[in-house]
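Numbering (the working numbering), first residue to last: 56 to 202.
Okay, here's the thing in structure tokens:
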């Protein structure tokens, strides 16, 4: 189990320190700010749609390693997905964090985002991990304005 925890920690640190997803997106279809007042994490998500597909995503902002890594990994996970697929993945991620879904087979669709599975044991970090996911969830709900 320790080996797996080490791998998860490595992925989180890599994404929080060297995220290639942290940039401005040219020709973004829409953008939305996400803010966690508890700790000051703040992100700006940019989304480029191609019909019903998330063609590209990027983010800017500042925050702790968890919020930055979660945002970057979320982008990798959702890029290229349809809105419907993205909503299912977002729902699964949020349910995993709330410990409503623990079935490994169901969590496989999260790809690298599964590294945040144990964040539920750290209540102070849950909102950090969920910031980007709630922000994109809101964006997709408002997706009529995202064309």
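We put the beta carbon where it would ideally sit given N, CA and C, even for glycine.
These numbers come from a predicted model, not from an experiment.
Residue i in three-state terms, based on DSSP
i: residue 99; result: strand
i: residue 122; result: helix
i: residue 158; result: coil
i: residue 105; result: strand
i: residue 56; result: Bear in mind that a pLDDT of 44 at residue 56, under 50, signals an unreliable position, so the model cannot answer this.
i: residue 152; result: helix
Reference residue i; option with closest CA among the options
i: residue 185; options: 80, 79, 105 and 94; result: 94
i: residue 111; options: 120, 121, 100 and 123; result: 100
i: residue 188; options: 90, 108 and 154; result: 90
i: residue 81; options: 113, 65 and 105; result: 113
i: residue 152; options: 170, 137 and 136; result: 170
i: residue 161; options: 145, 96, 176 and 137; result: 145
Extent of the continuous beta strand (DSSP E) run through residue i
i: residue 87; result: 85-91
i: residue 189; result: First-last for residue 189: 178-196, but that is the alpha helix (DSSP H), not the beta strand (DSSP E).
i: residue 114; result: 108-117
Burial state of residue i, where buried means 16 or more other Cβ atoms lie within 10 Å
i: residue 183; result: buried
i: residue 76; result: buried
i: residue 147; result: buried
i: residue 68; result: exposed
Beta-bridge partners of residue i, as assigned by DSSP
i: residue 77; result: 114
i: residue 137; result: 108
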